[in-house]
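Q: Sequence positions in the sequence shown follow UniProt numbering and run 1 to 134.
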Amino acid sequence: MSKDAQIKKEARINVSAYQGKVLLVGQSPNSELSARAKQIAMGVEGTTEVFNEIRQGQPIGLGDASNDTWITTKVRSQLLTSDQVKSSNVKVTTENGEVFLLGLVTEREAKAAADIASRVSGVKRVTTAFTFIK
Numbered sequence: 001m002s003k004d005a006q007i008k009k010e011a012r013i014n015v016s017a018y019q020g021k022v023l024l025v026g027q028s029p030n031s032e033l034s035a036r037a038k039q040i041a042m043g044v045e046g047t048t049e050v051f052n053e054i055r056q057g058q059p060i061g062l063g064d065a066s067n068d069t070w071i072t073t074k075v076r077s078q079l080l081t082s083d084q085v086k087s088s089n090v091k092v093t094t095e096n097g098e099v100f101l102l103g104l105v106t107e108r109e110a111k112a113a114a115d116i117a118s119r120v121s122g123v124k125r126v127t128t129a130f131t132f133i134k
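(1) Measure how close the beta-carbons of G26 and E95 come, nearest whole angstrom, since I'm counting them as under 8 Å.
(2) Can you check the UniProt domain "BON" (67 to 134) for any beta strand (DSSP E) of at least 3 residues that lies completely inside it and give the ranges in chain order?
(3) Pull up the distance between the alpha-carbon of S28 and that of F130, whole angstroms please.
(4) Going by beta carbon distance, what residues of the same chain come within less than 7 Å of E107, once the five residues before and after it are set aside?
(5) Could you pull the DSSP bridge partners for K21 from this structure?
(6) Would you tell me roughly how many angstroms separate the C-alpha atoms of A5 and V44, rounded to the nearest one?
(7) Just how far apart, CA to CA, sit I13 and E32?
(8) Indicate the three-state DSSP secondary structure (helix, strand or coil) for I40 in the structure shown.
(9) Quick one: Cα of I7 to Cα of M1, how far?
(10) So Y18 and G103 are in contact, right, with Cβ under 8 Å, and what is the actual spacing, rounded?
(11) Out of G46, S16, N30 and G20, which one is the CA nearest neighbour of K9?
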């Protein structure tokens with residue numbers, strides 16, 4: 001993403017990956033840049049799937065980004081202290097108050113992780129992109 005001048009200038013896109021699954025979050029002023037970001041991510045060696053959760057709109061500011069970092073920290077702390085979720089299997093990203101959970105979990109762990117994240121102060125929405133194990 002950082003090598004694409006237009007994406008770098010006009011959009012705010014954060015990339016998270018877990019075992020070949022790539023999660024794109026952020027803001028883009030149009031769907032074309034969002035689609036280009038997905039195409040770039042798919043071209044990275046080892047990528048098996050891309051979850052494009054880039055929202056249409058202007059990039060968020062530093063204050064919102066700092067708040068997102070704080071929310072991510074709180075969610076991770078709650079997951080670490082939970083006996084319902086193996087936190088090392090869950091990657092947490094927050095963008096504009098929306099928490100994204102990515103990882104390799106059981107269905108029970110997925111429900112627990114989403115529930116834990118939804119109860120953290122400041123979380124507007126929880127979106128999951130899990131791969132399920134039996």
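Every residue gets a Cβ at the ideal spot worked out from N, C-alpha and C, and that includes glycine.
A: Quick answer:
(1) Here the question's residue 26 lines up with position 26 in the sequence shown. Here the question's residue 95 lines up with position 95 in the sequence shown. Right, their Cβ atoms sit about 6 Å apart.
(2) 90 to 95, 98 to 105 and 125 to 132
(3) Stepping through the sequence shown from its first residue, residue 28 is reached at position 28. Stepping through the sequence shown from its first residue, residue 130 is reached at position 130. Straight-line Cα distance between these residues: approximately 24 Å.
(4) On the sequence shown, position 107 is the one that residue 107 refers to. Around E107: F132.
(5) Along the sequence shown, read from residue 1 onward, the residue named residue 21 stands at position 21. K21 pairs with Y18 and E49.
(6) Sequence index remark: in the sequence shown, residue 5 carries index 5 (1-based). Sequence index remark: in the sequence shown, residue 44 carries index 44 (1-based). Straight-line Cα distance between these residues: approximately 18 Å.
(7) Numbered from its first residue, the sequence shown carries residue 13 at position 13. Numbered from its first residue, the sequence shown carries residue 32 at position 32. Roughly 13 Å between the two C-alpha positions.
(8) As a first step, residue 40 is located in the sequence shown; it is residue number 40 there, counting from the start. The answer is helix: DSSP assigns I40 an H, G or I state.
(9) Locating residue 7 in the sequence shown gives position 7, counting from the first residue. Locating residue 1 in the sequence shown gives position 1, counting from the first residue. Roughly 7 Å separates the two Cα atoms.
(10) As a first step, residue 18 is located in the sequence shown; it is residue number 18 there, counting from the start. As a first step, residue 103 is located in the sequence shown; it is residue number 103 there, counting from the start. The pair is a contact, with the Cβ atoms about 5 Å apart (cut-off 8 Å).
(11) Stepping through the sequence shown from its first residue, residue 9 is reached at position 9. When each option's Cα is compared against that of K9, the closest is N30.
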